[in-house]
Amino acid sequence: MDFSLMQRVFPFFVEAALVTIQISALALILGLAMAALAAAAKLSRSWVLRAVGTAYVSLFRGTPCLIQLFVLYFGGPQIGINLEPFAAGVIGLGANIGAYMAESIRGAILAVDKGQTEAARTIGFGRAQTMRLVVLPQAARLMIRPLGVNTVALVKGSALVSTISVVELTYTAQRFIGSTYKPFEIFGVAALLYMIIVYAVARTVDMLDRRYAQV
Amino acid sequence: MQGLDFSTVLPYTDLLLKGVWWTVVLTTSSAVLSFFAGILFAIAVLYAPAVVAYPVRLFMWLFMGTPLLLQLFLIYFGLVQIGLDIPALGAGILGLGLHFAVYNADVLRAGIVAVDPGQSEGARSIGFGRWQTLRYVVVPQAVRNTAPPIGSNMIALLKESSLVSVIGIAELVHAAQLAISETFRPFEFYITAAALYYLLNLVLEEGLRRIEKKVEVSR
Numbered sequence: 007m008d009f010s011l012m013q014r015v016f017p018f019f020v021e022a023a024l025v026t027i028q029i030s031a032l033a034l035i036l037g038l039a040m041a042a043l044a045a046a047a048k049l050s051r052s053w054v055l056r057a058v059g060t061a062y063v064s065l066f067r068g069t070p071c072l073i074q075l076f077v078l079y080f081g082g083p084q085i086g087i088n089l090e091p092f093a094a095g096v097i098g099l100g101a102n103i104g105a106y107m108a109e110s111i112r113g114a115i116l117a118v119d120k121g122q123t124e125a126a127r128t129i130g131f132g133r134a135q136t137m138r139l140v141v142l143p144q145a146a147r148l149m150i151r152p153l154g155v156n157t158v159a160l161v162k163g164s165a166l167v168s169t170i171s172v173v174e175l176t177y178t179a180q181r182f183i184g185s186t187y188k189p190f191e192i193f194g195v196a197a198l199l200y201m202i203i204v205y206a207v208a209r210t211v212d213m214l215d216r217r218y219a220q221v
Numbered sequence: 002m003q004g005l006d007f008s009t010v011l012p013y014t015d016l017l018l019k020g021v022w023w024t025v026v027l028t029t030s031s032a033v034l035s036f037f038a039g040i041l042f043a044i045a046v047l048y049a050p051a052v053v054a055y056p057v058r059l060f061m062w063l064f065m066g067t068p069l070l071l072q073l074f075l076i077y078f079g080l081v082q083i084g085l086d087i088p089a090l091g092a093g094i095l096g097l098g099l100h101f102a103v104y105n106a107d108v109l110r111a112g113i114v115a116v117d118p119g120q121s122e123g124a125r126s127i128g129f130g131r132w133q134t135l136r137y138v139v140v141p142q143a144v145r146n147t148a149p150p151i152g153s154n155m156i157a158l159l160k161e162s163s164l165v166s167v168i169g170i171a172e173l174v175h176a177a178q179l180a181i182s183e184t185f186r187p188f189e190f191y192i193t194a195a196a197l198y199y200l201l202n203l204v205l206e207e208g209l210r211r212i213e214k215k216v217e218v219s220r
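For the protein sequence lines, the chains are Y and C, in the order given. Sequential numbering from 7 applies to the first sequence in this note's numbering. Sequential numbering from 2 applies to the second sequence in this note's numbering.
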């Protein structure tokens, strides 16, 4: 192991890790928004909305994230969408993880005991009131863990944006492996930074879960 | 901005179908590797002496916490580094196989622990050795009980196999890229590739549903 090399390249990787964090965080926000909309659409009474929600979830879960990024970034200009790599990365990753998160949210909502809804409706709550005041508060607890799993997958999946030349952790690793021919050392440095981010996310999810989900 | 023209895809049908074929080969071989390696890892973590169990745990921990793409670069360049010059396809199968073996092992470990201890006690008392007990009694039940999560790992594997295009394996994405380099029509070819993945995914899901049903019946 060439530790001095690892030390020399470390600053570049810290900078790259910040890009990985940024892109994951922005994609997370976008993904949660899309997921909430898609889950609501799939649970709606209108068949049009249900069809739209189902199509989104099924298409984005049924095809590779890499292809989705390529369609957006390389194919986008053909239909008038010109995006910078970073923006394309955020939108591509966000739209992809949104489809998975929609299922986590929908699953949590469906997992709330039916008796809760029935009771709320019996005492005169409307559909919207029942959802907002009775079902969602209980579902929110149940979705912490699955959404946390999705978020960890998002952080690791963010490596894909290296293929559309966003200079994040994996892009930096690939460049240094190519120039130094020390794959193990470079992997070690990149892995360390990924582990720190993934571990921080996992601990945060654990904390939220302990705080809100254990009743 | 140029108009979209999906008829440009037609002359490249053969190329794309060849890509589909290699995606299927790659996914199948990695799936088989990930299944058996997953069983071995799970057994190693649970029963092997510490000198074996700890390195396996470290390896699993590292591979679960880092992106597949990064692991593919490590394996592709790392193998050359340690003097093993295997073709890209081998590196791709090894990378995908090991990555998903780790996820399968994580599921199987829980599955093995969950098998009723009476099963192995029974097997031991009728004269099975430790290895035989695992091989014929415990592991088959664990595999059966964990079929659904292992199935979803295999669905993920099919989609993630697209990543090996970056190390130059001529699978579906790579085929699309080749066609794009001649036609300059990324939108049409990537959408076509996406549609082909979607179809493969449907086929795989149907296959897994049948396997799960069979497993369910034999219980």
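Glycine included, each C-beta is placed from N, C-alpha and C at the ideal position. A quick note: this is a predicted structure, and the numbers were derived from the prediction, not measured.
Rounded to a whole number of angstroms, what is the C-alpha to C-alpha distance between Y:Ala108 and Y:Ile97? 16 angstroms
Quick one, which residues of the stretch 72–88 of chain C are near chain Y if we go by CB-CB under 7 angstroms, in chain order? Phe74, Leu75, Phe78, Gly79 and Gln82
Nonlocal neighbours in the same chain, by C-beta distance under 7 angstroms from C:Gly98, ignoring five residues either side: Ser31, Leu34, Ser35 and Ala38
Partner residues on chain C for Y:Ile97, Cβ-Cβ distance less than 9 angstroms: Here the premise fails: no neighbours, minimum Cβ distance about 15 angstroms.
is_contact[Y:Leu166, chain C] using C-beta, thresh 8 angstroms: yes
Whole-angstrom Cβ separation of C:Val10 and C:Glu189, contact assumed at under 8 angstroms? 5 angstroms
Residue burial classification, C:Leu72 (beta-carbon count within 10 angstroms, cutoff 16): Just to set this straight, residue 72 of chain C is Gln in the shown sequence, not Leu. Buried: at least 16 other Cβ atoms inside 10 Å.
What residues in its chain sit with their C-beta under 8 angstroms from that of C:Lys160, if we drop five residues either side in the sequence? Tyr198 and Asn202
Where does Y:Tyr177 sit, in a helix, a strand or coil, going by DSSP? helix
May I have a chain-ordered list of the alpha helix (DSSP H) segments no shorter than 4 residues that lie completely inside the stretch 74–130 of chain Y? 91–117 and 120–128
Would you mind telling me which residues of chain Y sit closer than 8 angstroms to C:Ile192, beta carbon to beta carbon, in chain order? Val77 and Gly81
At the 8 angstroms Cβ level, is C:Thr67 part of the contact set with chain Y, yes or no? yes
CB contact flag (C:Arg110, C:Ala51, <8 angstroms): no
Y:Arg112 to Y:Arg51, Cα distance in whole Å? 14 angstroms
Please compile the residues from chain C whose C-beta is within a distance smaller than 9 angstroms of the C-beta of Y:Met201. Trp62, Leu63, Gly66 and Thr67
For Y:Lys162, is the classification buried or exposed, using 16 other Cβ atoms within 10 angstroms of its Cβ as the cut-off for buried? buried
Using 10 angstroms around the beta-carbon of Y:Pro70, count the other beta-carbons present and answer buried if the total reaches 16, otherwise exposed. buried
Whole-angstrom C-beta distance between Y:Val25 and Y:Glu124, which should lie under 8 angstroms: Not confirmed; about 49 angstroms, so no contact.
Quick one: which unbroken alpha helix (DSSP H) runs of 4-plus residues sit fully inside the stretch 139–204 of chain Y? Chain order, please. 142–163 and 175–186
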